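Here is the structure we will look at.
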Amino acid sequence: MVSVLQVKELRASIEGKEILKGLNLTIRQGELHAIMGPNGSGKSTLANVIMGHPKYKITSGDIILDGKSILNETTDQRAKQGLFMAFQHPMEVSGVPLSNFLRTAYKAAKNQTEEKDKQKELSSVSEFRKTLKEKMEMLKVDESFGRRYLNEGLSGGEKKKSEILQALILQPKFAILDETDSGTDIDAMKIISQGINNIYEQSKSGILIITHYNRILHNVKPQFVHILVNGKIVKTSDYTLADQVETTGYNEFLEGAVKNA
Ligand code: ADP
Ligand code: MG
106 MVSVLQVKEL
116 RASIEGKEIL
126 KGLNLTIRQG
136 ELHAIMGPNG
146 SGKSTLANVI
156 MGHPKYKITS
166 GDIILDGKSI
176 LNETTDQRAK
186 QGLFMAFQHP
196 MEVSGVPLSN
206 FLRTAYKAAK
216 NQTEEKDKQK
226 ELSSVSEFRK
236 TLKEKMEMLK
246 VDESFGRRYL
256 NEGLSGGEKK
266 KSEILQALIL
276 QPKFAILDET
286 DSGTDIDAMK
296 IISQGINNIY
306 EQSKSGILII
316 THYNRILHNV
326 KPQFVHILVN
336 GKIVKTSDYT
346 LADQVETTGY
356 NEFLEGAVKN
366 A
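Each residue of the sequence shown is one higher than the one before, starting from 106 at the first, in the working numbering.
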């Protein structure tokens with residue numbers, strides 16, 4: 106069955122300030138979407154509320170996964186149901202090596218927490234190692250990457266690769282990638298794009314790429330491009346919309362948003 110993630114007429118605020126103002130979005134597994142929009146339009150807010158970040162207040166509307174509201178579920182429960190988010194600003198977690206973190210997350214995602222069978226456990230460990238090595242090679246990161254503490258001391262590009270690596274291991278139903286292209290050089294951006302295409306091909310995930318620029322969209326071709334302005338999606342089209350934004354900027358959409366406000 107193809108999973109469906111729906112955001113319906115969603116209004117959300119932070120510290121009493123309304124950021125999302127009746128946002129609608131539907132993503133099916135296997136679809137590639139991009140959301141573009143000016144700074145402060147609410148892109149990260151959308152990603153955060155889909156994952157259930159507690160600092161945002163949902164005032165009306167709904168987020169529905171396969172017909173069921175997930176608004177009352179914790180971030181952890183949402184992750185277990187196959188939602189994944191790569192942060193715009195990944196956190197550094199000292200003392201937790203990346204490979205341990207990934208192994209734990211991988212087991213949790215596959216519900217393998219109670220592995221009593223030694224044989225099974227061993228084969229799953231070696232399977233995990235093999236997958237991790239493969240993915241790390243694809244992302245062109247050093248083998249020592251796995252032993253480093255989660256994101257600690259990594260460059261901007263490496264942090265973003267670390268997030269993509271997580272998605273490749275977890276194989277989520279839906280992956281929300283918040284500005285995975287920002288703060289990376291052009292080579293890292295190309296590798297990250299390849300990683301995103303790989304998530305898409307191997308997991309048949311529904312992918313939502315949040316981005317400020319269209320350069321990543323030359324390498325990862327979304328079927329749908331949405332323009333988010335002032336807490337609402339004001340236009341949806343195919344990926345030619347991303348090129349249009351590159352030439353005209355967001356002004357045309359800003360004016361429209363003001364008129365409709
Ligand atoms: P985008 O990702 O599109 O740049 P954000 O979702 O990060 O936008 O932010 C949307 C708006 O919410 C901005 O105006 C920002 O200032 C505001 N905002 C974000 N976090 C907070 C916060 N902790 N307190 C108050 N306002 C916030
Ligand atoms: Mg943002």
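Using N, Cα and C, we set each Cβ at its ideal position, and we do this for glycine too.
Bear in mind that the values here come from a model prediction, so they are computed numbers and not experimental data.
Taking a 10 Å sphere around the C-beta of Ser165, we find fewer than 16 other C-beta atoms and assign the residue as exposed. For Glu114, the enclosing beta strand (DSSP E) stretches over residues Val109 to Ile119. In the structure shown, the three-state DSSP call for Glu178 is coil. According to the DSSP assignment, Lys309 belongs to no alpha helix (DSSP H), since it is labelled neither H nor E.
Residue environment: Pro277 is assigned as buried (16 or more neighbouring CB atoms within 10 Å of its CB, all protein chains considered). Straight through space, the alpha carbons of Gly172 and Gly157 are spaced by roughly 17 Å. In the DSSP annotation of this structure, the continuous segment of the alpha helix (DSSP H) that includes Asn153 starts and ends at Lys148 to Met156. Residue pairing by DSSP puts Val330 in a beta bridge opposite Ala139 and Ser342. Between Ala184 and Ile281, the C-beta spacing is not below 8 Å. Using a cutoff of 7 Å, the CB of Asp283 counts as near the ligand MG, since one of the ligand's heavy atoms is closer than that. Beta-bridge annotation (DSSP): Thr131 is paired with Gln111. In the DSSP assignment, Pro202 is bridged to Tyr254. As computed with DSSP, Ile296 is found in no beta bridge at all.
By a beta-carbon distance limit of 8 Å, Gln271 contacts Ala210. Their separation comes to about 7 Å. Judged by beta-carbon spacing, Gly336 lies within the 8 Å limit of Gly147, meaning their Cβ atoms are closer than that value. Pairing Leu110 with Phe279 gives a Cβ-Cβ distance under 8 Å.
The Cβ atoms of Ser310 and Gln134 lie closer than 8 Å to each other. In the DSSP assignment, Leu322 falls outside any alpha helix (DSSP H) and carries neither an H nor an E. The Cβ atoms of Leu255 and Leu170 lie no closer than 8 Å to each other. Around the beta carbon of Asn356, a 10 Å sphere encloses fewer than 16 other beta carbons of the protein chains shown; the residue is thus reported as exposed. Ala117 is a Cβ neighbour of Lys162, given a cutoff of 8 Å. Taking a cut-off of 8 Å for Cβ pairs, the segment 240-251 and the segment 182-198 do not touch, as fewer than three such pairs fall below it.
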